[in-house]
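Colleague:
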Amino acid sequence: MAETEATSSTQTKPKITLIWLNESRAQRIVWLLEELGLEYEVKAYKRREDKQAPAELKEFHPLGKAPVLIIDGRTLAESGFIVECLIDKYGPKLKPAEDDTDNYLQYKHLLHYTEGSLQPYLLLALISSSIKGAPVPFFIKPITSRIADQLSKPFITPNLVSNFGYLENLLKGQPFFAGNELSGADILLSFPVESASGRVGGWFNKGKYPNLFAWMDRIKERPAYKQAHDRVAKVEANL
């Protein structure tokens, strides 16, 4: 069952609808829309008890995933693609100029890196954590814990450590991932970095990754970030 929440203005140009799902990557699209100052409607859905997306999402895209953005009747799916399209058309201020070659290429790289390289390991970490915390009989618990550890220790954790070390180094001497100004790369990276502490364990901490944690503090102070947080809180309260 969807709950629809829209802006008060009726003069929305372009006409934008965000298909939003709780506990998904759609939050950062809300933040981007706020940064761009665009008016939009949020059509929100709640996950089923098994944590899967409801079947209704297939009305908007055959894969039934979120976020999906509908702009003037045209449907966009995949977070990186949505971010890139929105910025190219409505927010060139959120990407480095092409003649700023190093930062521009870094920005383009990170749009693909976030979902292609980093996010899969976080998904595996979530699966491993779910296996370890599964409600099974006590005599089965050692088996599920061992399976989870065999996934995490030799494979998932080393790759996450490598990826977060890479991101930590990118922030040396600069406030954002593609230079001195916020870009779509920062918005796209916000979900995996912010969600890491709840998925990967205590080794992801401020002492080990001071640049990443300072960056998180920095983005959370942005007015558009706060506006997006408030918007989503209101939507969730109505689900």
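Residue numbers are given in full-length UniProt numbering: position 60 of the sequence shown equals residue 60, and the series is strictly consecutive.
Where a beta carbon is used, it is the ideal one built from N, C-alpha and C, also for glycine.
Computed from a predicted model, the values in this text were never measured in an experiment.
1. Can you have a look at Gly202 and say buried or exposed, based on whether 16 or more other CB atoms are within 10 angstroms of its CB?
2. Give the single residue among Asp230, Pro192, Lys234 and Arg231 whose Cα lies nearest to the Cα of Met216.
3. Looking at C-beta atoms only, is the number of pairs between the stretch 178-198 and the stretch 108-126 that lie closer than 8 angstroms three or more?
4. Can you name the start and end residues of the beta strand (DSSP E) that Glu23 belongs to?
5. Indicate the three-state DSSP secondary structure (helix, strand or coil) for Phe69 in the structure shown.
6. I need the straight-line Cα distance from Gly207 to Arg218, nearest angstrom please.
7. Work out the CA separation of Ile70 and Leu76 for me, nearest whole Å.
8. By DSSP, does Gly80 sit in helix, in strand, or in coil?
9. Between Ile19, Leu94 and Glu194, which lies nearest to Tyr209 when the distance is taken from Cα to Cα?
10. If you drop the 5 nearest sequence neighbours on each side, which residues of the same chain put their C-beta closer than 6 angstroms to that of Ala196?
11. Less than 8 angstroms separating the beta-carbons of Ile29 and Leu36?
12. Measuring alpha carbon to alpha carbon, tell me which residue in Leu123, Leu86 and Arg199 is nearest Ala185.
13. So, for Leu182: in the same chain, excluding its five sequence neighbours on each side, which residues have a beta-carbon less than 6 angstroms away from its beta-carbon?
14. In chain order, what residues of the same chain lie with their CB nearer than 6 angstroms to the CB of Ala125, ignoring the 5 residues before and after it?
15. Using CA atoms only, rank isn't needed, just tell me which of Leu105, Gly80, Phe164 and Gln106 is closest to Tyr121.
16. Buried or exposed: Met1, going by 16 or more other Cβ atoms within 10 Å of its Cβ?
17. Using the beta-carbon count (16 or more within 10 Å), is Ala228 buried or exposed?
18. Among all the DSSP beta bridges, which residues are the ones paired with Arg47?
19. Look at the alpha carbon of Ala224 and the alpha carbon of Leu32, and state the distance between them as a whole number of angstroms.
20. Work out the CA separation of Leu63 and residue 314 for me, nearest whole Å.
Modeller: If we stick to the structure as given:
1. Residue 202 sits at position 202 when you count from the first residue of the sequence shown. Gly202 comes out exposed.
2. Start at 1 with the first residue of the sequence shown, and residue 216 comes out as number 216. Of the candidates Asp230, Pro192, Lys234 and Arg231, the one whose C-alpha sits nearest the C-alpha of Met216 is Pro192.
3. yes
4. Residue 23 sits at position 23 when you count from the first residue of the sequence shown. Taken as a continuous stretch (DSSP letters only), Glu23 belongs to no beta strand (DSSP E), as it is neither H nor E.
5. Position 69 of the sequence shown holds residue 69. In the sequence as presented, Phe is not what sits at residue 69; that position holds Leu. Strand at Leu69.
6. Taking the sequence shown and counting its residues from 1, one reaches residue 207 at position 207. Taking the sequence shown and counting its residues from 1, one reaches residue 218 at position 218. So the alpha carbons of these two residues sit roughly 17 angstroms apart.
7. In the sequence shown, counting from the first residue as 1, residue 76 sits at position 76. In the sequence shown, counting from the first residue as 1, residue 70 sits at position 70. Roughly 6 angstroms separates the two Cα atoms.
8. Position 80 of the sequence shown, counting from 1, holds the residue named residue 80. Gly80 falls in the helix class under three-state DSSP.
9. As a working note, residue 209 is residue 209 in the sequence shown. Ranking the options by Cα distance to Tyr209, first place goes to Glu194.
10. Numbered from its first residue, the sequence shown carries residue 196 at position 196. Its chain contains Phe204 as the residues whose beta carbon lies nearer than 6 angstroms to that of Ala196, once the 5 sequence neighbours on both sides are disregarded; these appear in chain order.
11. By one-based count along the sequence shown, residue 29 stands at place 29. By one-based count along the sequence shown, residue 36 stands at place 36. Not in contact: Ile29 and Leu36 (Cβ atoms no closer than 8 angstroms).
12. Position 185 of the sequence shown, counting from 1, holds the residue named residue 185. It is Leu86.
13. Working through the sequence shown from its first residue, we reach residue 182 at position 182. Annotation for Leu182: Phe176 place their beta carbon closer than 6 angstroms to its own, counting only its chain and skipping 5 residues before and after.
14. For the purposes of this step, residue 125 is taken as residue 125 along the sequence shown, with counting starting at 1. If we look at Ala125 and ignore the five residues flanking it on each side, its Cβ neighbours are Ile156, Arg199 and Val200.
15. Indexing the sequence shown from 1 puts residue 121 at position 121. The option with the nearest alpha carbon to Tyr121 is Phe164.
16. Stepping through the sequence shown from its first residue, residue 1 is reached at position 1. With a pLDDT of only 46 at Met1, under 50, the local geometry of the prediction cannot be trusted, and the value read off the model is given with reservation. With fewer than 16 other Cβ atoms within 10 Å, it is exposed.
17. Taking the sequence shown and counting its residues from 1, the one referred to as residue 228 is at position 228. Classification for Ala228: buried.
18. The count along the sequence shown starts at 1 and reaches residue 47 at position 47. Looking at the DSSP assignment, Arg47 forms no beta bridge with any residue, so it has no partner.
19. On the sequence shown, residue 224 is found 224 positions in, with the first residue counted as 1. On the sequence shown, residue 32 is found 32 positions in, with the first residue counted as 1. One C-alpha to the other measures close to 8 angstroms.
20. The chain is shown from 1 up to 239; residue 314 falls before or after that span and cannot be answered.
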